[in-house]
Amino acid sequence: MTDIMDDIAEEISFQSYEDDLRLLFSLLNDVLHREVGASIMEKVEHTRTLSQSACLIRAAGIENTAELLEKQLASELSKMTLDEALKLGRAFSHFLSLMGIAENHHRSRKTKNIAQVAKSCDDTFNQLIQTGLSPDKLYETMCNQEVEIVLTAHPTQINRRTLQYKHLRIAHLLEVNDRKDLTQEDQDGLIEDLVREITSIWQTDELRRHKPTPVDEARSGLNYIEQSLWKAVPQYLRRVSNALKKHTGKPLPLTCTPIKFGSWMGGDRDGNPNVTAKVTKDVSRLSRWMAIDLYLREVENLRFELSMRQCSDQLSHLVHEIIQKEKSEEDRHQSYMNRGQQKGHNVHGLPSQLPAGADEPSHTECNEMESHYPQLDIPGSASDYKRLRENGEATSPSNTSPTNQKLPKGLLAQRKMFAESQVGRGSFQKLLQPRMTSLISPYRIILGDVKEKLTNTRFRLEQLLEGHPCDMDPCDYYDTPNQLLQPLLLCYESLQSCGSGILADGRLADLIRRVSVFGMVLMKIDLRQESGRHSETLDAVTNYLDMGKYSEWDEAKRLEFLSRELKGKRPLVPPTIEVSPDVKEVLDTFRIAAELGRDSLGAYVISMASNASDVLAVELLQKDALLAVAGAQGRPCVGGMLRVVPLFETVGDLRGAGSVIRRLLSIDWYRDHIMKNHNGHQEVMVGYSDSGKDAGRFAAAWELYKAQEDVVAACKEFGIKVTLFHGRGGSIGRGGGPTHLAIQSQPPGSVMGTLRSTEQGEMVQAKFGLPGVAVRQLEVYTTAVLLATLRPPKPPRDENWRNLMDQISQISCKNYRNTVYENPEFITYFQEATPQAELGNLNIGSRPARRKTSVGIGHLRAIPWIFAWTQTRFVLPAWLGVGAGLKGVCELGHADELRAAYKEWPFFQSTLDLIEMILGKADIPIVKHYDEVLVSESRRDLGEQLRNELKDTEKYVLVVTGQERLYGSNKSLRMLIESRFPYLNPLNMLQVEILKRLRSEPENHKLRDVLLITINGIAAGMRNTG
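So, in structure tokens, the structure goes:
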């Protein structure tokens, strides 16, 4: 029951969904019979039947009988052996996983089978044109739109990457099964493939045995690009272009990028000491390496496709230059062979300093080891060089140059061997590839040159990743997207001018679009650090300079100091300063940022920002690093300054966000800096997770709405454009929800053609795991932002509606904080009633669960806070306080006004709809079972009080929405949610039993494994973690 489930229910075809589900469940049953035996399967079937009966009877309103069946089920589960519990927990977890796969597949299938899908580009453009928007205005707005989806490393993806791949494989097989032309033999083969995948899943360990590193997390994010988005992006852009051409007469420009991608993986160091400057540098280079590798594959395919000979004069001229260059290279090689030595010539622009084994073919082992493959004895090979060396012929005057005298003896030999082997290898390559002559397609010659430069680029990155120097000629590799785009666009224009537009608009156009969207890094990395760490760094500097302690200064003194230093031209941080490891890491991060620059990095996000000085402190530290790096390199840094983005998270900081932006923009240096270096554009981030944990979901939603209004107004006062960056989590408690609904409920004027938003964990898999689903999600983002720009959502009708929101917010916040922060029993109740303490064993993220070592809720991260309550099906953080707020206002006689606001005001409507969705996930009998078994008797009254509040919340949400029951207006969604209960309920009851045993035997690792299996299964069933 993911928080995009209303999208699923809206787009799902239940008959075909149920057909596939029956097939998958039948195959899983067959696999389980073979793997675990008849005895265990009898228990599985009995448990499922008992659970389903209880669900049906409860749905019919026969509560007492349902309760008796649930108690019988809990009793039988409590008597199971540990081995039986493990197998049963795994079985039910896999049933729920298969259900999720089927849901995602049918979302993709439904969009393919409908001529004009709701919220698609075609549908939305048509609506806008029909309501009077001019085609020119639509075209201009669409071409200038900028949306960036930022994938984060937040630990909410429960599944191992291995299992994610296997799930994708099943989804692909279901797609094949939809084909109408399958023969009986094809169908039999497909069933066998499904059985193999399901068997493989069953035999694979579901649990991560080791905590992932930040690089592991980054690699996982890059895999979404390779496996899904690489294919989805060109399809999405083609769909946008076709819709634009249909409704405006003009296609989307080839290099236009209405959507791009960013990443926090390898850059988010807020509370995560494992993300270091070196990690950021390595992840950036790894991302570049993968981009180049993907481009190489596409160029190779494109060379095969573009075999035609007719081309433009401009292309022909470039071909002639490449051929002449190749001939010149061959002449130099021949001259070298004749001389028997190389005088400083760097063959093909490759580095003069090479790692061990660079001369060996890629399939051989290095360091004189014997190859596992047969080797060809060709001139210039390593074996030839070895013979030369043995005969005393391997020395050359060049080896006595000053540069070479500084190099290790082994490295000199490697450099020599590489140069000579390249000559032989060049001869060998002629046997494999045709000579570049006028008989070859000119496009293949151009693309061959592109391939060579991409290969050099990849080799250079490999050397840098391994820590080796690489002095390759910049003309022989690509460093920027424009360098790669230039020859591709030349080929495109040539094909168009020769009447081959149909060929230009195929694979070549797709590659150009990929380069435009993904650039050379696939996803630019944002850096994020907590504001206090910057203050600590400036403390060290000011103390060293005998200026006092920066953190003890008031805001005015800080701003005066920072402004003065920013206007100066000298570095602030002395090179001789000795600092603590934490401060050194901050300084190292800024130095790495200066080296990598804006080509590799996106924004610098300051978490827990609360003052203008927080922003200027980062501006000063990055300016200082740029000066230091420029001094070390002997030239100005070309990367430029990153945009600095304050993140307002707590309720107090959100209330002051507008004032902070006004204070910043009133500073002459800062305003000029924004105009000069960032094109008059200020980015501001608002956080949904910590604000929700701080004040409850409703109060946080209202404070976020008002903060955005104030920030937009502040920027408008100074003539500055603003982009709002939404730090949304996956769950509703952390700001999650259906994308279109979320964007359409923002304050008017807050989405003006630009938007940034985070996607994380299981939401990345749900939204972008399959190419078809990813195309749909990208369209939804595009159309939602377009509508919010051209047809902004309605503001509150009058000031009274705002007053009502203030009242609900105040009451709900007070109720929430009285329970969570003021009740001394609550923290212990939370620890007893949920598996919060045990979640750390899941190994799903590289960062600690707490920012600081304390037991209170305040320093607990929002993800484990939400995760723990989601496991017990209480989902408390998403609704606590809402019922009290609605009840208080309704009892004052404002129920009719709230109903009117719900019907007319998108913000209030979406807020209540999301809370209604959460209430449908909550399950009072299951929550009560956790309390009865796990919570101390003295604290069970608190649990009963909270369950009564849940009932009140449901009651008053229905009063305002005017419905008789939850999901009254969306029966498909209710059916989808309720279909999971027969599989979820046994897992929850099993989890309660295992928690009870584990708390008596905390060192029992097998018990812990069974608990983690139930956590995985419940997360799969709820389709949510944190």
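If you read the sequence shown in my numbering, its first letter stands for residue 166, the second for the next number, and so on. We put the beta carbon where it would ideally sit given N, CA and C, even for glycine.
Nearest neighbour of residue i, chosen from the options [CA to CA]
i: Glu717; options: Leu703, Ser728, Pro903; result: Leu703
i: Ile1194; options: Gly436, Ile605, Val380; result: Summary: the structure shown does not reach residue 1194, with the chain confined to residues 166 through 1191, and so no result is reported for it.
i: Met307; options: Val1124, Val1047, Ser1144, Leu952; result: Leu952
i: Thr620; options: Gly632, Glu463, Tyr657, Glu701; result: Glu463
i: Cys978; options: Leu298, Gly861, Met850, Asp184; result: Gly861
i: Pro607; options: Val744, Asp644, Phe469; result: Phe469
i: Glu183; options: Lys1161, Leu1160, Leu1141; result: Leu1141
i: Glu1119; options: Ile1178, Leu1051, Arg1105, His699; result: Leu1051
i: Ile1028; options: Gly884, Glu1166, Arg1164, Lys858; result: Lys858
i: Ala931; options: Val209, Asn1181, Ser393; result: Ser393
i: Trp395; options: Glu631, Ser385, Asp675; result: Asp675
i: Glu701; options: Val748, Cys663, Gly1053; result: Val748
i: Ala1185; options: Asn1113, Met264, Leu238; result: Met264
Supposed close pair residue i, residue j - CB separation, criterion 8 angstroms
i: Tyr1148; j: Leu293; result: Rounded, the Cβ-Cβ distance is 43 angstroms, inconsistent with contact.
i: Leu333; j: Asn342; result: That belief does not hold up - the Cβ atoms of Leu333 and Asn342 are roughly 15 angstroms apart, past 8 angstroms.
i: Leu192; j: Leu359; result: 6 angstroms
i: Arg678; j: Val398; result: 7 angstroms
i: Lys959; j: Trp867; result: About 16 angstroms separates the two Cβ atoms, so there is no contact after all.
i: Thr369; j: Leu328; result: 6 angstroms
i: Ile611; j: Pro652; result: 5 angstroms
i: Leu830; j: Ala879; result: 7 angstroms
i: Ala865; j: Val816; result: 7 angstroms
i: Ile1180; j: Pro1000; result: 6 angstroms
i: Tyr304; j: Leu409; result: 6 angstroms
i: Phe1072; j: Ile973; result: Not a contact, Cβ separation roughly 12 angstroms.
C-beta contact flag for residue i and residue j at 8 angstroms
i: Thr947; j: Pro416; result: no
i: Thr984; j: Phe995; result: no
i: Tyr401; j: Glu944; result: yes
i: Gly427; j: Val440; result: no
i: Trp1044; j: Ile1089; result: no
i: Val315; j: Asp691; result: yes
i: Ile1022; j: Val1047; result: no
i: Leu812; j: Ser772; result: yes
Terminal residues of the alpha helix (DSSP H) in which residue i lies
i: Tyr715; result: Premise fails: Tyr715 is in no alpha helix (DSSP H) and is neither H nor E.
i: Phe933; result: 927-933
i: Lys841; result: 833-842
i: Gly702; result: The sequence shown places Thr at residue 702, not Gly. That run of the alpha helix (DSSP H) goes 696-709.
i: Leu387; result: 379-389
i: Gln475; result: Note, Gln475: premise wrong, no alpha helix (DSSP H); not H, not E.
i: Val398; result: 395-413
i: Phe883; result: It is not in any alpha helix (DSSP H) - Phe883 carries neither H nor E in the DSSP assignment.
Contacts around residue i, its chain only, beta-carbon distance under 7 angstroms, and the 5 residues preceding and following it disregarded
i: Val916; result: Ile908, Val950, Ala953, Thr954
i: Thr568; result: Only weak support is given to the placement of Thr568: the predicted model assigns it a pLDDT of 37, under 50, and the value that follows is read from those uncertain coordinates. Here the set comprises nothing.
i: Leu720; result: The amino acid occupying residue 720 in the given sequence is Glu; Leu does not appear at that position. So the list reads Asn776, Ser778, once near-sequence residues are dropped.
i: Gln180; result: none
i: Leu919; result: The question names Leu, yet the displayed sequence has Thr at residue 919. Hits under 7 angstroms: Glu311, Thr888.
8 angstroms CB neighbourhood of residue i in its chain, flanking five on each side removed
i: Ala224; result: Glu1143
i: Val686; result: Ser449, Ser452, Arg453, Ala456, Asp764, Ser765
i: Ile742; result: Ala705, Val706, Tyr709
i: Gln873; result: Val851, Leu889, Gln911, Pro912, Ser915
i: Asp1174; result: Leu251, Leu372
i: Ile832; result: Leu724, Ser728, Ala777, Leu781
i: Leu668; result: Glu470, Leu471, Met473, Leu660
i: Leu419; result: Leu654, Tyr657, Ala674, Ile677, Arg678, Ser681
Residues of its chain near residue i, where Cβ-Cβ distance is below 6 angstroms and the 5 sequence neighbours each way are ignored
i: Leu572; result: Residue confidence for Leu572 is low, a pLDDT of 40 falling below 50, so the modelled location carries little weight; the figure read from the coordinates is stated next. So no residue of the chain qualifies.
i: Asp808; result: Looking at the sequence provided, one finds Arg at residue 808 rather than Asp. These residues qualify, in order along the chain: Ala768, His843, Glu848.
i: Ala383; result: Met430, Gly431, Val448
i: Trp966; result: Ala1066
i: Leu1041; result: Trp1034
i: Gly505; result: With a pLDDT of 49 at Gly505, under the threshold of 50, the modelled position of this residue cannot be trusted, and the question is left open.
Start-to-end residues for the beta strand (DSSP E) that takes in residue i
i: Lys886; result: 886-892
i: Leu768; result: Contrary to the premise, residue 768 reads as Ala rather than Leu in this sequence. Per DSSP, Ala768 belongs to the beta strand (DSSP E) from 766-772.
i: Met1192; result: Nothing about residue 1192 can be reported from this structure: the residues present for the chain run from 166 to 1191 only.
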